[in-house]
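**Q** Handing you a structure now.
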Amino acid sequence: MDDPRTREHYIFFSEADPSRIYKITKGPGWGIFPASLASTRHKPVRYWFEDRPATPLEYFERLLISNTHLMHELSREDYPILNRLEGFIHSQGRLQAVTSQPVFDGTPATPAAMAAWFIRHGFHFIRSWAWFRPSDGLAVFDAYMDNVMDCENELVPFDVIAILAQGPLLESLHAAVARLDSQSHLADPS
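Per this note's numbering, residue 358 is the first one in the sequence shown, and the count goes up by one each step.
Laid out in structure tokens, this is it:
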């Protein structure tokens, strides 16, 4: 499906395996990747980050991190792997990855359910669709309703951008948590 709402992938189903949804990367890069805009520190935190095309390594690392860091409450028997690399195609002069994910039986998670899930797992809200866990540097971007499913009260962040932040991005995320924490204390009337 060439769905204009999808930024990163063409999506298709295979009759050979109806339990999975298949995706082909699209665009100039290998999906998207968050970047820090350090020169904007005087602005509100929501302006500190942008998306840029991902490199192949960044794309594959984020798939691996989703498999290893975001499947806390899922039955490994029912969902042994979240993201699976199926192969590659050559199209329009470039190499594109083909991946797959399970088809989840559920509904899009509500913002309140997502917030509770992320907070319970040690994350801090950074900005719309972005969370950060300072204890290990895990950042989750693109965590909005279409990318997180509620499967019988178990949330599945199945199509988010999960990264173990490093360098300037990690520094910006820690600074964002500190800035947001200091602002929340200013707003607290107690």
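We put the beta carbon where it would ideally sit given N, CA and C, even for glycine.
Could you tell me the alpha carbon to alpha carbon distance between V455 and L512, rounded to whole angstroms?
**A** One C-alpha to the other measures close to 25 Å.
**Q** Am I right that A500 and M471 are in contact with their C-beta atoms under 8 Å? What's the rounded C-beta distance?
**A** The Cβ separation is near 6 Å, so the contact holds.
**Q** Specify, as a first and last residue, the run of the beta strand (DSSP E) that P514 falls within.
**A** Taken as a continuous stretch (DSSP letters only), the beta strand (DSSP E) holding P514 covers 511-514.
**Q** Can you give me the start and stop residues for the alpha helix (DSSP H) that T382 sits inside?
**A** Note, T382: premise wrong, no alpha helix (DSSP H); beta strand (DSSP E) at 377-382.
**Q** Going along the chain, which residues of its own chain have a beta-carbon closer than 6 Å to the beta-carbon of P375, five neighbours each way excluded?
**A** Nothing meets the Cβ criterion.
**Q** Do I389 and E365 count as a contact pair if the criterion is CB distance below 8 Å?
**A** Cβ atoms of E365 and I389: closer than 8 Å.
**Q** Taking the alpha helix (DSSP H) that P459 falls in, what are its first and last residues?
**A** Unbroken run through P459 is the beta strand (DSSP E), 451-459; no alpha helix (DSSP H).
**Q** Kindly indicate which residue of F461, R477, G494 has the alpha-carbon position closest to the one of N504.
**A** Minimum Cα distance to N504 is reached at F461.
**Q** Check each candidate in Y404, S485, R377, A532 and name the one with the smallest Cα separation from I563.
**A** The chain is shown only over 358 to 547; residue 563 falls outside these bounds and no answer can be derived.
**Q** Using only CA atoms, which one of L537, Q523, A469, W387 lies nearest to Q453?
**A** Comparing Cα positions, the closest option is W387.
**Q** When the Cα atoms are used, what is the spatial distance from S448 to L414?
**A** Using only the alpha carbons, I get a separation of about 19 Å.
**Q** Rounded to whole angstroms, what's the CA-CA distance from P514 to A466? Just pull it up for me.
**A** P514 and A466: Cα-Cα distance of roughly 9 Å.
**Q** Applying the 10 Å Cβ sphere with the 16-neighbour rule, what's the burial state of K383?
**A** Buried, by the Cβ-count rule.
**Q** What are the start and end residues of the alpha helix (DSSP H) that includes S423?
**A** Run containing S423: 413-426, per the alpha helix (DSSP H) assignment.
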